[in-house]
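**Q** In the numbering used here, the protein residues as written are 38 to 327. Note that CB positions come from ideal geometry on N, CA and C, so glycine has one too.
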């Protein structure tokens with residue numbers, strides 16, 4: 038009994054500090070932000086205003102644009118990124134493929150590239166006289182340079198391309214790890230039965246990857262709804278808020294415009310609500326196997 042009690046005490050002491058830190062640094066700020074979302078005024082003189090901050094969103098054109106942009110990125114970019122991650126994982130999981138380590142590293146490197154460096158590279162590549170426009174012009178795919186950074190539509194395309202380039206390899210690593218845990222004898226049996234590679238992919242690989250696909254879908258959804266870095270560093274939300282996201286709008290409300298922490302907190306909880314809703318929906322649709 039004494040040893041058991043001592044072990045429990047040691048175990049509790051190990052988790053006590055993390056629990057305290059998470060409570061102080063995560064949960065208490067969340068509660069504080071929720072309370073603040075029902076307040077208005079200057080940072081030093083906040084007063085209760087009920088649902089005024091939430092009502093304001095229905096008439097705030099910048100919020101509507103940021104909301105639309107964020108969900109456009111989510112709907113377009115996340116499926117593309119997950120699909121490419123699956124395809125690359127399938128190709129790089131082939132035991133007969135040479136230099137697998139090199140290809141895997143090359144696809145994963147964008148994830149660990151410095152954000153500032155990667156943003157500068159993207160701005161340089163997609164500049165009016167950058168490599169991409171020069172290549173497209175010389176190949177006669179276009180007649181004049183594409184205004185990637187100044188046109189509302191092309192600026193969104195640039196953001197989607199940038200996010201896809203940076204995070205596809207991240208999801209690919211999860212898929213490769215999961216694929217390596219699938220018993221290879223299943224594929225051998227499928228080969229004997231005459232199943233094609235495509236049939237094996239959809240009938241064996243995808244069903245066995247359902248939990249991982251669910252995980253990457255949820256994490257990618259959360260990351261896209263919180264998208265800030267790429268937009269801030271590549272387009273600054275321009276032109277004319279054409280690429281602004283909800284997270285960048287929260288930043289602007291707090292630090293660029295006249296500080297309005299109450300309204301910024303209310304906008305942040307819109308993201309929280311949609312993350313929870315979409316996560317639940319994705320879980321129900323994909324029906325994670327236990």
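For the stretch 203-219 against the stretch 175-194, are there 3 or more C-beta pairs whose distance is under 8 Å?
**A** Flag = no, the stretch 203-219 and the stretch 175-194 do not touch.
**Q** Distance, Cα to Cα, residue 146 vs residue 303?
**A** So the alpha carbons of these two residues sit roughly 36 Å apart.
**Q** Just the C-alpha distance for residue 277 and residue 91, rounded to the nearest angstrom, thanks.
**A** Residue 277 and residue 91: Cα-Cα distance of roughly 24 Å.
**Q** Please report the Cβ distance between residue 344 and residue 110, rounded to the nearest whole angstrom; I am assuming they are in contact, meaning their Cβ atoms lie under 8 Å.
**A** For residue 344 there is no data in the structure shown, the boundaries of the chain being 38 and 327.
**Q** Give every residue of the same chain whose Cβ lies closer than 6 Å to the Cβ of residue 157, excluding the five residues on either side of it in the sequence, and list them in chain order.
**A** Cβ within range, chain order: n/a, list empty.
**Q** Where does residue 128 land, buried or exposed, given buried means 16+ other C-beta within 10 angstroms?
**A** Exposed.
**Q** Candidates 199, 172, 221 and 49: which alpha carbon is nearest residue 155's?
**A** The shortest C-alpha separation from residue 155 is found at 199.
**Q** State buried or exposed for residue 183, treating a residue as buried only when at least 16 other CB atoms are found within 10 Å of its CB.
**A** With 16 or more Cβ atoms within 10 Å of its Cβ, residue 183 is classed as buried.
**Q** Kindly indicate which residue of 133, 194, 51 and 284 has the alpha-carbon position closest to the one of residue 309.
**A** Residue 309 has its Cα closest to that of 284, out of 133, 194, 51 and 284.
**Q** Since residue 245 and residue 219 are thought to touch, with beta carbons under 8 Å apart, how far apart are those beta carbons, to the nearest angstrom?
**A** The Cβ separation is near 5 Å, so the contact holds.
**Q** Take residue 224 and list the residues in its own chain whose beta-carbon comes closer than 7 Å to its own, dropping the five residues that flank it on each side.
**A** Correct list, in chain order: 237 and 241.
**Q** Looking only at C-alpha atoms, which of 298, 275 and 77 sits nearest to residue 66?
**A** That would be 298, whose Cα lies nearest to the Cα of residue 66.
**Q** Counting pairs of beta carbons, one from the stretch 249-263 and one from the stretch 114-121, are three or more of them closer than 8 Å?
**A** Yes, the stretch 249-263 is in contact with the stretch 114-121.
**Q** With C-beta atoms as the reference, is residue 287 less than 7 Å away from residue 305?
**A** It is a contact, given that the beta carbons lie within the stated cut-off.
**Q** Mapping the DSSP letters down to three states, classify residue 49 as helix, strand or coil.
**A** In this structure, residue 49 counts as helix in the three-state DSSP scheme.
**Q** Assign residue 23 to one of three DSSP states: helix, strand, or coil.
**A** Nothing can be reported for residue 23: it is not among the residues displayed for the chain, which extend from 38 to 327.
**Q** Check residue 327 in the structure and name its three-state DSSP category.
**A** Residue placement at residue 327 is flagged as unreliable, the pLDDT there being 48, under the threshold of 50; the coordinate-derived value follows with that caveat. Note: residue 327 maps to coil in three-state DSSP.
**Q** Suppose you measure from the CA of residue 270 to the CA of residue 153; what does that come to, to the nearest Å?
**A** Each residue's Cα considered, the two are about 7 Å apart.
**Q** Take residue 202 as the anchor and find which of 143, 258 and 88 has the nearest alpha-carbon.
**A** Per the Cα distances, 143.
**Q** Excluding sequence positions up to five away, which residues of its chain have a Cβ less than 8 Å from the Cβ of residue 307?
**A** Taken in chain order, the residues that qualify are 94, 104 and 283.
**Q** At the level of alpha carbons, what is the spacing between residue 290 and residue 82?
**A** Straight-line Cα distance between these residues: approximately 17 Å.
**Q** Could you tell me the distance, in whole angstroms, from the CA atom of residue 55 to the CA atom of residue 316?
**A** Taking the straight line joining both Cα atoms gives about 26 Å.
**Q** Could you give the first and the last residue of the continuous alpha helix (DSSP H) run that contains residue 124?
**A** Its alpha helix (DSSP H) spans residues 98-129.
**Q** One question on the structure: do residue 76 and residue 64 come within less than 7 Å of each other, judged by their Cβ atoms?
**A** Cβ distance not < 7 Å, so residue 76 and residue 64 don't count as in contact.
**Q** Could you tell me which residues DSSP puts in a beta bridge with residue 85?
**A** DSSP, once it has assigned bridges, lists 76 as partnering residue 85.
**Q** Drop a sphere of 10 angstroms on the beta-carbon of residue 300, count the other beta-carbons inside from all chains shown, and report buried for 16 or more, exposed for fewer.
**A** Buried, because 16 or more other Cβ atoms sit within 10 Å of the Cβ of residue 300.
**Q** Roughly how many whole angstroms lie between the Cα atoms of residue 229 and residue 221?
**A** Using only the alpha carbons, I get a separation of about 13 Å.
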